[in-house]
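Inspection log for the structure reproduced underneath, given as structure tokens.
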Amino acid sequence: MGKVVVVTSGKGGVGKTTSTAALGAAVAKTGKKVALVDFDVGLRNLDLIMGAERRVVFDLVNVIQGTAKLSQALIRDKRVDTLFLLPASQTRDKDALTEEGVGEVIDKLRSVFDYVFCDSPAGIERGAQLAMRFADEAVIVTNPEVSSVRDSDRIIGLLDARTMRAEQGEQIAKHVLVTRYDAGRAARGEMLSIDDVLEILSVPLLGIIPESQDVLRASNLGAPVTLSEPLNTAAKAYVDAARRLEGEDLPVVVPFERKGFLDRLLGRRAA
Amino acid sequence: MTFAAPLEAKSIRFRARSFVAFTLTPEAPMAEWLQGLDHWIGNSPGYFAGRPVLLDLNSLKPASSEIAALVAELGTRGIRIYAIELEGAALGPDLPPLLVGAKEATTEGLLPGRKAREEVSGREGKAAEGRDHGMDARADAGGVAKGKAGASKTEESEPQVSHYDSGTLMIKAPIRSGQAIMHAHGDVIVLGSVASGSEIVAAGSIHVYGTLRGRASAGALGNTSARIFCRRNEAELLSVDGWYITAEEMEGVSRGKPVQAFLDGEGLRVETLS
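For the record, the sequence lines run as chains A and B. According to numbering that gives the first Met the number 0, the stretch in the first sequence is residues 0 to 270, in order. According to numbering that gives the first Met the number 0, the stretch in the second sequence is residues 0 to 273, in order.
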């Protein structure tokens, strides 16, 4: 039986979809069978970041309504052959998802794949709750800023109350992934520190992804950053986070601002 | 011995009043139903305390000896039955009295009596819909199984709690943004932190062993000696018996420190604990 991981956040724009693609690709590269499911019905984006937008024929809603088979809707990635994508429908809305339907699809995926990553829509509405409903683990994506942290706190409350596991009296494993971390701004006190984030959320840290232009570039090119630029610091941070998700005990290093010799000499600030 | 009413009182006044009653509807198998009830009570401790409850036995139709056992069983859980609804039953004097002609309550108002409701059983779906509204008075078995039978203020997310007969509510998990803990029977102890955007309301005192960032109202039912204690005060609002102090007023003096808040005659005082 595979593990179902929901990638969620509460606040939008923090990097859920990017993180789903990057983590999924990193896990798939180790040979595990991975499915990425886009739950953001109406605003599908995961297929864009995976570079599969022109290969979408059937989607999650088709599978739930029985107009397509799961095997027809799953898109195999061209770069990693253990990586699959189940896209969301752009034309339907979140009401097209039913709890029973989602449960059936997740059960089927769980029996075939080692990992099922569910990319949750932002917010706390029905779509987000369905995405987390059948999860075994949750990755809560947070930016080091107060509004994002507070929304994450709210989502953790829902994870502890509204998931299948919680209702059966079990715990759902939770991890915080801090994205868009800018070491320079954190050093100047313009961002919450990692310690503050963890103190507020009291959930173990999965990784810290530094703010990087390369992540945006990779997304726009339709490739997860862990596949297209594996040597990038952000990509490395995602790979480490994926290894921690698989149970490896790696220490998390808080990125610091690297200053050149001349910068230090002249007291200049880097960007 | 007889008791003579004073002659001046010409008539005794009988008045009718109607109340919304909370109804428990047990279902077979009983062991499973009781287990569900226990789970639900575990999630909302104190929900039934001091609240008279009706027992609707129309679907179970037990023998009268079984009724006595059931009433006793519920009694051990602190649930006091004050009347029983069971069509055509004759109950002994040791059991709560029989109640007839009850009407279903919904958010809009009262539905027609039980008899009429059964005649329109085709509209079952509508009745079930009404049951899911938070205001509904029925804590029936379906609701118990789902663990979200209305009325409980903490329904959004019940943290891991344990409840003792002392009336103290101990919460072992952090309280998350958006959660509201209402405890009308004593103190609340929180071992973790209380996030901003959450709220604790207690009849007694509130003890927070982490950082208090949300709102805390102690002595909510008029207990002037209730206090609020926390290891680190970042609260949005502290209040005791309706007297309150907001984050702005605490600025600089007591923020970020271990404090206690209490009433001292003129109003609410927040003092740092050394």
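Glycine residues also receive a C-beta, built at the ideal position from the N, C-alpha and C atoms. Keep in mind it's a predicted model, so treat the numbers as computed, not measured.
Residues that DSSP places opposite Ile-207 (chain A) in a beta bridge: Ile-207 (chain A) is bridged to A:Val-177.
8 Å Cβ cutoff met for Ile-154 (chain A) and Ile-139 (chain A): With a cutoff of 8 Å on beta-carbon distance, Ile-154 (chain A) and Ile-139 (chain A) are scored as near each other.
Short Cβ contact (8 Å threshold) for Arg-254 (chain B) with Glu-235 (chain B): No. Outside cutoff.
Interface positions of the segment 137–150 of chain A facing chain B (Cβ-Cβ less than 8 Å), listed along the chain: Of all residues in the segment 137–150 of chain A, Arg-149 and Asp-150 have a Cβ within less than 8 Å of some Cβ in chain B.
Limits of the beta strand (DSSP E) - the one that Ile-205 (chain B) falls within: From DSSP, the beta strand (DSSP E) with Ile-205 (chain B) extends over 205–211.
Under the three-state DSSP convention, the category Thr-16 (chain A) falls into: Look at Thr-16 (chain A) here: in three-state DSSP terms it is helix.
CB of Pro-223 (chain A) within 8 Å of CB of Val-177 (chain A), strictly: Not closer than 8 Å, so no.
Euclidean distance between Cα positions of Ala-182 (chain A) and Gly-206 (chain A): If you draw a straight line from the Cα of Ala-182 (chain A) to the Cα of Gly-206 (chain A), it is about 14 Å long.
Chain A contacts made by the segment 174–195 of chain B, where a contact means CB separation under 9 Å: So the list reads Ile-174, Arg-175, Ser-176, Gly-177, Gln-178, Gly-191, Ser-192, Ala-194 and Ser-195, given in the order they occur along the chain.
Neighbour-count burial assignment, Arg-70 (chain A), 16 or more Cβ in a 10 Å radius: The identity of residue 70 (chain A) in the sequence shown is Ser, whereas the question assumes Arg. Exposed is the call here.
Residue of B:Asp-37, B:Arg-175, B:His-206 and B:Lys-60 minimising C-alpha distance to Val-189 (chain B): Nearest of B:Asp-37, B:Arg-175, B:His-206 and B:Lys-60 to Val-189 (chain B), Cα basis: B:His-206.
Cβ neighbours of Ile-174 (chain B) in the same chain (closer than 8 Å, five flanking residues each side left out): Answer for Ile-174 (chain B): Pro-158, Ile-180, Val-189, Gly-191, Ser-192, Val-193, Ala-194, Ser-197, Ile-199 and Gly-213, listed in chain order.
First and last residue of the uninterrupted alpha helix (DSSP H) at Arg-149 (chain A): Arg-149 (chain A) -> alpha helix (DSSP H) spans 145–161.
N- and C-terminal bounds of the beta strand (DSSP E) containing Val-52 (chain B): Unbroken beta strand (DSSP E) run through Val-52 (chain B): 51–55.
Pick from B:Gly-218, B:Arg-226 and B:Gly-87 that is closest to Asp-240 (chain B), judged by C-alpha positions: Between Asp-240 (chain B) and the set B:Gly-218, B:Arg-226 and B:Gly-87, the nearest pair of CA atoms involves B:Gly-218.
Residue interval of the alpha helix (DSSP H) (run including Arg-243 (chain A)): From DSSP, the alpha helix (DSSP H) with Arg-243 (chain A) extends over 232–244.
Rounded straight-line distance, which links the Cα of Pro-120 (chain A) to that of Leu-85 (chain B): So the two alpha carbons sit approximately 49 Å from each other.
Within-8 Å CB hit, Ser-8 (chain A) to chain B: So no, Ser-8 (chain A) is outside the interface.
Under 7 Å by beta carbon: chain B residues contacting Asp-152 (chain A): Under the 7 Å cutoff, chain B gives Arg-175, Ser-176 and Ala-194.
Cut-off 6 Å between Cβ atoms - residues of its own chain near Ala-51 (chain A), not counting five sequence neighbours on either side: Ile-74 and Leu-84, listed in sequence order.
Contacts that Ile-155 (chain A) makes with chain B (C-beta to C-beta distance below 7 Å): Those are Arg-175, listed as they occur along chain B.
Pairwise C-alpha distance: Gly-266 (chain B) and Phe-47 (chain B): Taking the straight line joining both Cα atoms gives about 33 Å.
Inter-stretch contact at 8 Å, needing at least 3 Cβ pairs: the segment 59–68 of chain A / the segment 128–138 of chain A: Touching, no, given that fewer than three Cβ pairs across the two stretches are closer than 8 Å.
Neighbouring residues, chain A, relative to Ala-172 (chain B) (Cβ below 8 Å): Per Cβ cutoff of 8 Å: Asp-159.
Own chain residues within Cβ distance below 7 Å of Asn-231 (chain A), not counting five before or after: Contacts found: Ser-211, Asp-213 and Val-224.
CB contact below 8 Å: Thr-17 (chain A) versus chain B: Chain B, which has no Cβ nearer than 8 Å to the Cβ of Thr-17 (chain A), makes this no.
Coarse secondary structure for Met-249 (chain B), derived from DSSP in three states: Helix at Met-249 (chain B).
Chain B within 8 Å of Ile-199 (chain A), Cβ atoms only: Yes, Ile-199 (chain A) lies at the interface with chain B (some Cβ there is under 8 Å from its Cβ).
Beta-carbon proximity check, Val-3 (chain A) vs Ala-127 (chain A), cutoff 8 Å: Between Val-3 (chain A) and Ala-127 (chain A), the C-beta gap is not smaller than 8 Å, which leaves the two residues out of contact.
Test: Gly-255 (chain B) CB closer than 8 Å to a CB of chain A: By this cut-off, Gly-255 (chain B) is not an interface position.
Separation of Thr-75 (chain B) from Ala-101 (chain B), as counted between CA atoms: Put simply, the backbone Cα of Ala-101 (chain B) is about 26 Å away from that of Thr-75 (chain B).
Backbone secondary structure at Lys-2 (chain A) - three-state DSSP: Secondary structure of Lys-2 (chain A) (DSSP, three-state): strand.
Whole-angstrom distance between Arg-179 (chain A) and Leu-82 (chain A), CA atom to CA atom: Cα-Cα distance, rounded: 25 Å.
Ala-136 (chain B) at chain A interface by Cβ criterion, 8 Å: Summary for Ala-136 (chain B): the model assigns pLDDT 37, below 50, so the residue's position carries little reliability; its value from the coordinates is reported in the next sentence. By this cut-off, Ala-136 (chain B) is not an interface position.
Secondary structure, beta strand (DSSP E): runs of 3+ residues fully inside the segment 168–239 of chain B: Within the segment 168–239 of chain B, the complete beta strand (DSSP E) segments of 3 residues or longer fall at 168–170, 179–182, 187–189, 198–201, 205–211, 214–217, 227–232 and 236–239, listed in chain order.
Any C-beta of chain E under 8 Å from that of Val-187 (chain B): The question asks about chain E, but that chain is absent: this structure's protein chains are A and B.
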